[in-house]
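Trainee: In order, the protein sequences belong to chains A and B.
For the first sequence, my numbering assigns the number -6 to the initial residue and increments by one for each residue that follows.
For the second sequence, my numbering assigns the number -6 to the initial residue and increments by one for each residue that follows.
Even glycine gets a Cβ: it sits at the ideal position worked out from N, Cα and C.
Protein chains: 2
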Amino acid sequence: MVTLEDARQVLLDGGQIANVTRIPLAKCLGRVLAEDVISDMDFPPFDRSPLDGYAVRMDDIKTSSRDNPAVLRQIEYLPAGACPRLTVGVGEAARIMTGAKMPGGADVVVKLEDTYSEGQQVFVHSPGRNDKNICKRGEEFRAGEVVLRKGYCVQEGTIGILAILGRDKPRVYTKPKVGILATGSELLPVSAKLQPGMIRDTNSHMLAAKVRNAGGAPVMMGQVKDDLAAMVEQLQNFSGLSVYVMTGGASVGDYDLAGRFFERLGIPILFDRVAIKPGMPVIAGRWGDSFLIALSGNPAACSVSFEVLVRPLIKRIAGFTQFEPIRIRAKMAEKFGKASPVRRFIWAVCFAIDGVIFVSPLDHQGNGMLRASEKANALLDIPANSPPLDRGNEVSAILLQRTTI
Amino acid sequence: MVTLEDARQVLLDGGQIANVTRIPLAKCLGRVLAEDVISDMDFPPFDRSPLDGYAVRMDDIKTSSRDNPAVLRQIEYLPAGACPRLTVGVGEAARIMTGAKMPGGADVVVKLEDTYSEGQQVFVHSPGRNDKNICKRGEEFRAGEVVLRKGYCVQEGTIGILAILGRDKPRVYTKPKVGILATGSELLPVSAKLQPGMIRDTNSHMLAAKVRNAGGAPVMMGQVKDDLAAMVEQLQNFSGLSVYVMTGGASVGDYDLAGRFFERLGIPILFDRVAIKPGMPVIAGRWGDSFLIALSGNPAACSVSFEVLVRPLIKRIAGFTQFEPIRIRAKMAEKFGKASPVRRFIWAVCFAIDGVIFVSPLDHQGNGMLRASEKANALLDIPANSPPLDRGNEVSAILLQRTTI
């Protein structure tokens, strides 16, 4: 039996970050950057106008007003994408469009609404303000600047930044392959009709979704009976994966085979059982370069172990810089009536009222209970030897990944 | 010019929810359920044991202790998946494994650790507690119960629930197709080498990522020059989509073509300009059954408009019950020095310290500024006619969707 922190550290210490590949920008959302992205240019690459108007010289308009407009002569017309050919001299103006490059000589853009024109004559009836209405070359980023860091998960806006910089095939980490094997003689495939004494396999499908959200690529290894030979054979059918997650058989009884499975394969044990509830039965070992991790067959216990141990490992291997669970402090929205002799994780909902974060334990915390784990957006983390918790008590919780906010 | 709320309502009122399809369970993560999921059975489908031990009669063991163990006779062996053939009578016990169906006659499971055995004799050295260690038939859900609701976004745990219920091909909404067209003569494709006066198209790629996260399927319509005929042609090349989002050309100048584009196509205008900053230039209309929405070409302005108007529309069409932006209250972590004559949205980072939510405006809020919008996890929403904000002021913010938490 080890502490959660020790168990997690053992896994993280052994996790080697995945390989690097290049993929099209359009597929990068949610992927992890495998390189620091350094700008090869100033951006904007030139001073440009953020609006439609006239590029002029400040000195020519600084005293202009509605009653006393500056009168200038238009010398050029600059749509977006054009290159100015002329320099704006005293008494001159260039008509300029949003996004167009500033002409030399001009130091301010007067917006169209503050002007009117007759033929080539331009009347400016508002005094400009120096350095206003010009997007300066390099104000977004500078040539040589590290704009994005390795290990960063690509967000919506990141795609925009990569596009600006011309990265049509960014380097990202490959998704680690994670095998998922459900053991249990009571398990039927999802598509099967129920039979007496049997249930459908839940955990493989839920774990596949969790692996996907952790940045891994799930490999479904199916269901096997509680039979050592069958388990060994199925594992050997799927060699070369980064992590193998088994569910079922990690507990103590005759049919809890995980321990014997590790023995049979000669897999050195990293740890056996973790001092948390639920999710105590976990056995982890190294199988060559891979991790083999056996979790409880109870869906909610299996989920807790995954959240606090396996997700961080997969995220680490997937290259995320941010791979540890995200913790928050919150106030209990209601009481939790049980004492906790061992460290306990409780499926909970976090919510905010007027800027204060509350956490509310969900009903039905039983090991087998999927519904609480499905609804939860947080795991309340209650230290060992805690008394029952009162409403208003300050607690710590781990935020869970929801597929949309 | 309309208020944001009016603009959003006009869009939402016209949004028809997408069609329904069936897809394999393995692809359902993040999809929107198109049916109420009703359980066709009690779950668990039978009383079962949550651990390895002996199924016995409470009356037989209630006074047992280490010094005075109950002595019972094992009559059956029940691995998971088995169907009990015998009923447990007085003085009898059935060896039972985790997940196995309870035999008749027994009303408690004693865990293995509280027993020892010699041949068929079983010694129980701990008194059981009534109704303990039995997962009751139907305690997770009941036959006929609505377990999941239409419009719910499938989470990791939802996959588990659907698996239990045998839903290998759930009904979900089809993803609405959203066309994305970038206009601007200064725009180059991402893969192009920079040319004087030109920049690479940012917005289409960023919008595609946003559409994807909103539950839509982006359709890239490419870049067109600031040319009315080219724009019309490109739109007509991509008929039959649910929503068309244009970027660029929604402002006021000669080259701001969106208004004339709507006119040329005879598209009735739903609204033109929204009273927010940035993101004021938005034109929306109906093109047959589709929406045509023209956003600013400035990336950050385009993003704000998308967040407050287009994302809710797409989520609505994609079938989400929760389609409105999610709001929180927070305290300003620092001051914001500008007064806000119009309603203003500020890219910001929300964070929590000891259970209290703070919001910190990001630097570089310029219209063209991508970096602030990339980093932000919230949009601070400052009402019109607000004075500068002080540290500690209570404010309202919209939470932004991040691809991982």
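Would you tell me roughly how many angstroms separate the C-alpha atoms of R130(A) and M34(A), rounded to the nearest one?
Mentor: Position 137 of the first sequence holds residue 130(A). Position 41 of the first sequence holds residue 34(A). Approximately 10 Å between the Cα atoms of the pair.
Trainee: Quick one: list the residues of chain A neighbouring D347(B), beta-carbon separation under 8 Å, in chain order.
Mentor: Position 354 of the second sequence, counted from the start, is the residue given in the question as residue 347(B). Per Cβ cutoff of 8 Å: R322 and E387.
Trainee: Determine the burial state of V139(B): buried for a count of at least 16 other Cβ atoms within 10 Å of its Cβ, exposed for fewer.
Mentor: If you number the second sequence from 1, residue 139(B) lands on position 146. Under this definition V139(B) is an exposed residue.
Trainee: Who does G278(A) pair with in a DSSP beta bridge?
Mentor: Locating residue 278(A) in the first sequence gives position 285, counting from the first residue. According to DSSP, which records beta bridges pairwise, G278(A) is partnered with I262(A) and L285(A).
Trainee: Among the candidates A365(B), I310(B), M214(B) and R395(B), whose CA atom is the shortest distance from the CA of A201(B)?
Mentor: Looking up residue 201(B) in the second sequence gives position 208. Among A365(B), I310(B), M214(B) and R395(B), the Cα nearest to that of A201(B) is on M214(B).
Trainee: So with CB distances below 8 Å, who are the chain A contacts of F329(B)?
Mentor: Along the second sequence, read from residue 1 onward, the residue named residue 329(B) stands at position 336. The contacting residues do not exist; F329(B) stays about 16 Å from chain A at best.
Trainee: Establish whether the CB of I398(A) and some CB of chain B are separated by less than 8 Å.
Mentor: Working through the first sequence from its first residue, we reach residue 398(A) at position 405. Any reading at I398(A) must be qualified, since the residue scores a pLDDT of 41, below 50, and its modelled position is unreliable; the value itself is stated next. By this cut-off, I398(A) is an interface position.
Trainee: Please decide whether H198(A) counts as near chain B, where near means a Cβ-Cβ distance under 8 Å.
Mentor: Here residue 198(A) refers to the residue found at position 205 when the first sequence is read from its first residue. Chain B, which has a Cβ nearer than 8 Å to the Cβ of H198(A), makes this yes.
Trainee: Return the first residue and the last residue of the beta strand (DSSP E) that T108(B) is part of.
Mentor: Residue mapping note: residue 108(B) aligns to position 115 of the second sequence, counting from 1. First-last of the beta strand (DSSP E) with T108(B): T108 to E111.
Trainee: So with Cβ pairs under 8 Å, would you call M224(A) a contact of chain B?
Mentor: Here residue 224(A) refers to the residue found at position 231 when the first sequence is read from its first residue. Closer than 8 Å: no.
Trainee: Note down the Cα distance separating I154(A) from L363(B), rounded to an integer number of angstroms.
Mentor: One-based indexing of the first sequence puts residue 154(A) at position 161. One-based indexing of the second sequence puts residue 363(B) at position 370. So the two alpha carbons sit approximately 7 Å from each other.
Trainee: Of all Cβ atoms in chain B, is any one closer than 8 Å to the Cβ of M214(A)?
Mentor: The residue given as residue 214(A) occupies position 221 in the first sequence. No, because no Cβ of chain B sits closer than 8 Å to the Cβ of M214(A).
Trainee: Using the beta-carbon of each residue, which ones in chain A are nearer than 7 Å to T195(B)?
Mentor: On the second sequence, residue 195(B) is found 202 positions in, with the first residue counted as 1. Chain A residues near T195(B): G153, A156 and I157.
Trainee: Rounded to the nearest angstrom, what separates V388(B) and V83(A) at their Cα positions?
Mentor: Working through the second sequence from its first residue, we reach residue 388(B) at position 395. Working through the first sequence from its first residue, we reach residue 83(A) at position 90. Their Cα atoms are separated by approximately 48 Å.
Trainee: Interface residues of chain B around E149(A) at Cβ under 7 Å?
Mentor: In the first sequence, the residue the question calls residue 149(A) occupies position 156. What E149(A) touches in chain B: M199, A202, K203 and N206.
Trainee: Exposed or buried, what is I262(A) when buried is set at 16 or more other beta-carbons lying within 10 Å of its beta-carbon?
Mentor: Taking the first sequence and counting its residues from 1, one reaches residue 262(A) at position 269. Its Cβ having fewer than 16 others within 10 Å, I262(A) is exposed.
Trainee: Spatial neighbours of S333(A) within its chain, please: C-beta separation below 6 Å, excluding the five flanking residues on both sides.
Mentor: Your numbering for residue 333(A) matches position 340 in the first sequence. For S333(A), where only same-chain residues beyond five positions count, the Cβ hits under 6 Å are I375 and S379.
Trainee: For D194(A), which residues of its own chain have a beta-carbon under 6 Å away from its beta-carbon, when the five flanking residues on both sides are left out?
Mentor: Within the first sequence, numbered from 1, the residue matching residue 194(A) stands at position 201. Result list for D194(A): A175, L180 and Q216, in chain order.
Trainee: Could you please give the first and the last residue of the uninterrupted alpha helix (DSSP H) stretch that includes A201(A)?
Mentor: Residue numbering aside, residue 201(A) sits at position 208 when the first sequence is read from its first letter. Its alpha helix (DSSP H) spans residues N196 to N206.
Trainee: So is F39(A) in contact with chain B if we call contact Cβ pairs under 8 Å?
Mentor: In the first sequence, counting from the first residue as 1, residue 39(A) sits at position 46. Yes - at least one Cβ of chain B is within 8 Å of the one on F39(A).
Trainee: Taking only beta-carbon atoms, is G209(B) less than 8 Å away from chain A?
Mentor: Residue mapping note: residue 209(B) aligns to position 216 of the second sequence, counting from 1. Taking Cβ atoms only, chain A never reaches closer than 8 Å to G209(B), which makes this a no.
Trainee: I'd like the list of long-range same chain contacts for R455(B), defined as Cβ closer than 7 Å, with 5 residues on each side in sequence excluded.
Mentor: Here chain B covers residues -6 to 398 and nothing more, so residue 455(B) does not appear.
Trainee: Whose Cβ in chain B lies nearer than 9 Å to the Cβ of V102(A)?
Mentor: Stepping through the first sequence from its first residue, residue 102(A) is reached at position 109. Near V102(A) there are no residues of chain B at all, since even the closest Cβ is about 11 Å away, more than 9 Å.
Trainee: Within the continuous alpha helix (DSSP H) that includes V297(B), where are the two ends?
Mentor: Translated into the one-based positions of the second sequence, residue 297(B) becomes position 304. First-last of the alpha helix (DSSP H) with V297(B): P292 to S298.
Trainee: Got a sec: is the Cβ-Cβ distance from T314(B) to anything in chain A below 8 Å?
Mentor: Taking the second sequence and counting its residues from 1, the one referred to as residue 314(B) is at position 321. Closer than 8 Å: no.
Trainee: Name, please, each residue of chain A whose Cβ falls closer than 9 Å to the Cβ of N291(B).
Mentor: Residue mapping note: residue 291(B) aligns to position 298 of the second sequence, counting from 1. P43, T91 and G92, listed in chain order.
Trainee: When you compare the CB of L187(B) with every CB in chain A, is at least one pair closer than 8 Å?
Mentor: By one-based count along the second sequence, residue 187(B) stands at place 194. So yes, L187(B) belongs to the interface.
Trainee: Write down the C-beta distance between Q113(B) and Q67(B) rounded to the nearest angstrom, noting that I regard them as a contact closer than 8 Å.
Mentor: Numbered from its first residue, the second sequence carries residue 113(B) at position 120. Numbered from its first residue, the second sequence carries residue 67(B) at position 74. About 5 Å; that satisfies the 8 Å criterion.
Trainee: For chain B, is any of its Cβ atoms less than 8 Å away from the one on V183(A)?
Mentor: Position 190 of the first sequence, counting from 1, holds the residue named residue 183(A). Yes, V183(A) counts as interfacial toward chain B.
Trainee: Do I310(B) and P169(B) count as a contact pair if the criterion is CB distance below 8 Å?
Mentor: Here residue 169(B) corresponds to residue number 176 of the second sequence, with the count starting at 1. Here residue 310(B) corresponds to residue number 317 of the second sequence, with the count starting at 1. Yes, Cβ-Cβ distance for P169(B) and I310(B) is below 8 Å.
Trainee: By a C-beta neighbour count over all protein chains shown, 10 Å radius and 16 as the cutoff for buried, is L373(A) buried or exposed?
Mentor: Walking along the first sequence from the start, residue 373(A) turns up at place 380. It is buried - the Cβ of L373(A) has at least 16 other Cβ atoms within 10 Å.
Trainee: Who are the neighbours of D356(B) on chain A, taking C-beta pairs under 8 Å?
Mentor: For the purposes of this step, residue 356(B) is taken as the residue at position 363 of the second sequence. What D356(B) touches in chain A: nothing, since even the nearest Cβ is about 11 Å away.
Trainee: Between the stretch -3 to 12 of chain B and the stretch 266 to 278 of chain B, do at least 3 Cβ pairs fall closer than 8 Å?
Mentor: Yes, since at least three Cβ pairs between the stretch -3 to 12 of chain B and the stretch 266 to 278 of chain B fall closer than 8 Å, the two stretches touch.
Trainee: Nearest to S353(A) by alpha carbon, out of R337(A), A371(A) and E367(A)?
Mentor: As a working mapping, residue 353(A) is identified with position 360 in the first sequence. If we check each option's Cα against that of S353(A), A371(A) comes out closest.
Trainee: Could you tell me which residues DSSP puts in a beta bridge with F36(B)?
Mentor: Within the second sequence, residue 36(B) is the residue found at index 43, counting from 1. DSSP, once it has assigned bridges, lists F134(B) as partnering F36(B).
Trainee: From which residue to which residue does the beta strand (DSSP E) around M325(A) run?
Mentor: Indexing the first sequence from 1 puts residue 325(A) at position 332. Per DSSP, M325(A) belongs to the beta strand (DSSP E) from R320 to M325.
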